[in-house]
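Peer 1:
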Amino acid sequence: MSLHIVSSANTRQNSSILADMIYFFLHPKIHILVMVVGGLMVVGIFKIYMPALSKLSWLVNISGFYLFGFSIILLIHKRRFPPVLVWPLILFAYGIVTALINGMGTLAILFDLKRSFSAWGLFLAAYVIHFSSSDIERIKKFVYLLVFFQLPFCLHQYIVLVPLRETVEMAGEINLTPVDIIVGTFGGKMFGGGANGTLAVFLIIALSMLLSLKNTQIKSAKYIFLLALIVLPLFLGETRIVVVYLMVMFVVVYGKDIIQNPSKFFINTILMFLLIGSLVYLFFLTKPANMNVTTQGHFANFVAKNFGDLSSKDRELNRTTVLIFWASEQRHFSWANTLLGHGIGATSTEKTGDGLAAEAAGSLSKRYPNYGIDYTSASIILWELGIVGVLLFIGWFSSVWILIKRIEYTAPASILYQINGLKVGTIIFLINMFAKSSFHHTISHQVLFAAFMSYPIILRYRSRDL
């Protein structure tokens with residue numbers, strides 16, 4: 000009898016442990032943690048230093064789709080769809096419909112949903128899940144931690160990895176830019192590209208918030224320490240679009256105040272122009288030591304590669320001509336393709352491997368091999384989703400901007416620095432789509448974008464009871 004009682008007790012205990020484990024793994028905040036910490040720190044570090052473990056990025060994708068499904072169920076149940084979520088949901092459905100209309104296979108569609116949309120569950124979850132004040136404080140602490148980690152990793156990448164890549168480049172084994180590996184925790188390939196643009200976006204958003212803090216909100220020593228952590232990685236890399244991001248940040252953070260009280264912000268203005276001028280000199284007017292060209296030739300080469308007819312060794316198009324090429328090629332397609340696009344994944348250049356990856360190679364990438372039609376996210380959207388897709392993205396970013404402005408009108412002065420960060424981020428994420436393809440191809444960028452889009456939703460709706 001006693002053995003039976005003990006056995007029953009053990010069974011109940013095991014069942015309770017199993018139930019707790021199931022609850023733990025199904026809890027949405029656990030998946031948010033996996034996405035944010037995994038996508039912004041762990042996966043990127045593994046990708047560079049332990050590439051054999053880089054497939055762990057699939058855990059981030061799985062958590063993203065879990066949050067997407069979880070959030071959709073709650074949204075349907077509550078019948079609440081704020082405009083800031085309506086636009087991305089329409090885009091998601093529209094992407095699938097255009098792929099089906101263009102005859103894409105199921106496997107290819109699944110692969111490209113993973114490629115482009117797997118992080119979107121994060122900002123949907125931000126609306127349906129309640130976030131307490133302590134959750135907000137944890138978010139702030141994580142941002143501080145993420146800022147802190149960038150400089151040590153960037154220093155190691157600059158001192159150790161860049162020379163290794165320079166050796167490979169000079170040997171003529173691989174065509175690469177050595178400093179592109181300065182990516183902090185955001186990931187890259189040892190002998191390929193890196194998410195240096197994503198690092199720049201994150202650092203500029205962080206810098207805009209830091210510069211917006213009042214003297215009463217942060218001690219001088221801590222301010223200088225954080226300023227060094229943010230600014231130094233910008234000088235280590237060679238992400239030239241940082242100059243544009245800084246100009247945007249300057250206008251958003253100081254523009255209104257300078258017009259109203261120019262003398263008060265004179266020193267800030269001078270310091271900002273010194274920072275921008277230093278980066279311009281470093282990025283545009285200082286030629287690499289191994290380049291047999293004049294400084295003027297180096298700058299002219301940069302202009303031609305981005306705004307002229309010159310392209311890289313591995314593609315025919317650059318950031319400007321890739322858009323011109325889309326417009327010129329529309330005469331070969333129907334008006335429906337111009338308006339609606341060719342379906343998600345049509346520009347995918349993923350050709351290596353077997354099975355899913357092989358099936359996912361896009362029809363347009365086969366039609367235009369080595370052209371680089373997927374060089375920027377703006378080009379990808381035009382080819383895959385057409386003019387309608389572009390209009391949907393414009394609607395989405397506009398709704399985010401309107402939401403941020405509404406928050407600004409009612410927000411306490413203590414969080415106005417966050418509002419400036421949100422405004423700067425919205426603009427530079429949009430600019431980034433014309434400079435990089437990270438929005439579609441880089442998991443760390445996708446998670447950063449989704450996390451960024453989540454925060455105004457949390458600020459606006461976190462106190463309601465769903």
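Reminder that position 432 of the sequence shown reads as 431 in numbering that gives the first Met the number 0, one-by-one numbering, no gaps. C-beta atoms are modelled at their ideal positions from N, C-alpha and C, and glycine is treated no differently. All of these numbers come straight from a predicted model, not from anything done at the bench.
1. To which residues of the same chain is residue 156 closer than 6 Å at the C-beta, ignoring the five residues directly before and after it?
2. What residues match up with residue 187 in a beta bridge as DSSP calls it?
3. Which residue wins for smallest C-alpha separation from residue 372, given the options 275, 318, 257, 60?
4. Write down every uninterrupted run of the alpha helix (DSSP H) in the region 36-100 whose length is 4 residues or greater and which is fully enclosed by it, in chain order.
5. Report yes if the C-beta distance between residue 251 and residue 419 is below 7 Å; otherwise report no.
6. Could you check whether the region 39-47 touches the region 184-200, counting it as contact only if at least three pairs of C-beta atoms, one from each stretch, sit closer than 8 Å?
7. Can you tell which of 240, 210, 228, 93 has the C-alpha that lies nearest to the C-alpha of residue 148?
8. Using 8 Å as the cut-off, can you tell me whether the region 115-125 makes contact with the region 61-69, which would need three or more C-beta pairs spanning the two stretches below that distance?
9. Buried or exposed: where does residue 46 fall if 16 or more other Cβ atoms within 10 Å of its Cβ makes it buried?
10. Just to check my reading of the structure: residue 406 and residue 458 have Cβ atoms closer than 8 Å, yes? What is that Cβ distance to the nearest angstrom?
11. What's the call for residue 256, buried or exposed, on a 16-neighbour Cβ count within 10 Å?
12. Kindly indicate which residue of 397, 188, 409 has the alpha-carbon position closest to the one of residue 428.
13. Should residue 454 be labelled buried (16 or more other beta-carbon atoms within 10 Å of its own) or exposed?
14. Indicate the three-state DSSP secondary structure (helix, strand or coil) for residue 102 in the structure shown.
15. Please report the distance separating the alpha-carbon of residue 58 from that of residue 272.
16. For residue 337 versus residue 364, is the C-beta spacing smaller than 7 Å?
17. Taking the beta carbon of residue 195 as the centre, do at least 16 other beta carbons fall within 10 Å, making it buried, or is it exposed?
18. Can you tell me whether residue 116 is helix, strand or coil according to DSSP?
19. Taking only three categories from DSSP, how would you classify residue 333?
20. With distance defined between alpha-carbon atoms, name the residue in 96, 91, 275 nearest to residue 242.
21. What is the rounded straight-line gap between the Cα of residue 258 and the Cα of residue 192?
22. Run the CB neighbour count on residue 30, radius 10 Å, all protein chains shown included, and call it buried at 16 or more, exposed below.
23. Are the CB atoms of residue 200 and residue 236 within a distance shorter than 7 Å?
24. With DSSP as the reference, label residue 444 as helix, strand or coil.
25. By a C-beta neighbour count over all protein chains shown, 10 Å radius and 16 as the cutoff for buried, is residue 26 buried or exposed?
26. So, for residue 362: in the same chain, excluding its five sequence neighbours on each side, which residues have a beta-carbon less than 7 Å away from its beta-carbon?
27. Could you compute how far the alpha carbon of residue 234 sits from the alpha carbon of residue 207?
28. What would DSSP say about residue 221, mapped onto helix, strand or coil?
29. To which residues of the same chain is residue 152 closer than 7 Å at the C-beta, ignoring the five residues directly before and after it?
30. State the Cα-Cα distance for the pair residue 139 and residue 249, rounded to the nearest angstrom.
31. Verify whether the separation of the beta carbon atoms of residue 421 and residue 401 is less than 7 Å.
Peer 2: Answer, in terms of the structure:
1. 180, 181
2. 193
3. 318
4. 42-48, 56-77, 82-100
5. yes
6. yes
7. 228
8. yes
9. buried
10. 5 Å
11. exposed
12. 397
13. buried
14. coil
15. 43 Å
16. no
17. buried
18. helix
19. coil
20. 275
21. 41 Å
22. buried
23. no
24. helix
25. exposed
26. 341, 345
27. 17 Å
28. helix
29. 183, 184
30. 23 Å
31. no
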